[in-house]
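Below: the structure, in structure tokens.
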Amino acid sequence: MGLHCPGARTGAFFVHALPESTSTKPIAKQISINLKGPVVAGAVQEWSYDQYWAPRLPSYQQPSRADLFDQLFVSHFIESFGFKESTADNPSSTWLDKLAVFITLPSPTLVKSSIRAGSMFFYGSLVHDVSIRTEANKWYLKALHGLRCLLEQQAGVFTGDIICSVVMLAHFETTAGTSGEAWFQHVQGATQMLQSGGPASCRDGFLHQLFRHLRLLAVSI
1 MGLHCPGART GAFFVHALPE STSTKPIAKQ ISINLKGPVV AGAVQEWSYD
51 QYWAPRLPSY QQPSRADLFD QLFVSHFIES FGFKESTADN PSSTWLDKLA
101 VFITLPSPTL VKSSIRAGSM FFYGSLVHDV SIRTEANKWY LKALHGLRCL
151 LEQQAGVFTG DIICSVVMLA HFETTAGTSG EAWFQHVQGA TQMLQSGGPA
201 SCRDGFLHQL FRHLRLLAVS I
């Protein structure tokens, strides 16, 4: 072109590297649409009971946020006892291992609400987060209501998941620092449920692990 070469450039310079949009839509309109997407909307959503735990359609792109938080709460609760969460490579044999199984049940259950209440309140206290503890209180009330309804309808032998629910409610009371009477009632109630099955029911397995844990709690009464 007949232009004189100025030599090598030594200072800072900038190159326009923004790729051309393949869409015919204006950039401003594309941004507006993207901000309404489920990923961004979920990211800016406040962590509240009504929004966070509201039912959502199945997502195949990422795991459920509720499941991820449940795993976080439960793993910290288990580690507070000096254990690591059991894995396939490193299995353990404590009643705590069942928590990770119960919390992943597909439908709402008493044990799921109780585990969520106890582990969530523990984690909220650990990180000094009032909002998490507030949500845990709601799950505790839900679990307590479910337990009362169950006791009105059922009598006799109780299954391991129900006894585990009462144990988790006792741990909620311990962490929340409520009245000692409430903690005592849960421990006593879980003990009576275990006794209703007789000695043969808790000689081994999950019920035996709960029996050993309740025995330690009963000693401190």
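Under the numbering used here, the sequence shown is numbered contiguously, ending at residue 221.
Glycine included, C-beta positions come from ideal geometry on N, C-alpha and C.
Going by beta carbons, Y140 and A170 fall outside the 7 Å limit.
The alpha-carbon separation between R212 and I163 amounts to approximately 13 Å. V157 and G197 do touch by the CB rule: their CB atoms are close to 5 Å apart, below 8 Å. Shortest Cα-Cα distance from E79 to any of A66, L68, D67, L99 involves L99. Nearest to L151 by alpha-carbon distance, out of D129, D67, M193, I132, is M193.
By the neighbour-count criterion, in which 16 or more other beta carbons inside 10 Å mark a residue as buried, A200 falls on the exposed side. Distance from the CA atom of L68 to the CA atom of I103, rounded to whole angstroms, is 11 Å. Taking C-alpha positions only, T94 is separated from S131 by approximately 30 Å. It is roughly 13 Å from the alpha-carbon of L126 to the alpha-carbon of V74.
Each residue's CA atom was taken as its position, placing Q153 and L147 some 10 Å apart. Burial is judged here by how many other beta carbons sit within 10 angstroms of a residue's own beta carbon; V187 has at least 16 and is buried. Here D70 is buried, its C-beta having at least 16 other C-beta atoms within 10 Å. Look at T178 here: in three-state DSSP terms it is coil, with no helix or strand label. DSSP places W95 in the coil class of the three-state scheme, outside both helix and strand.
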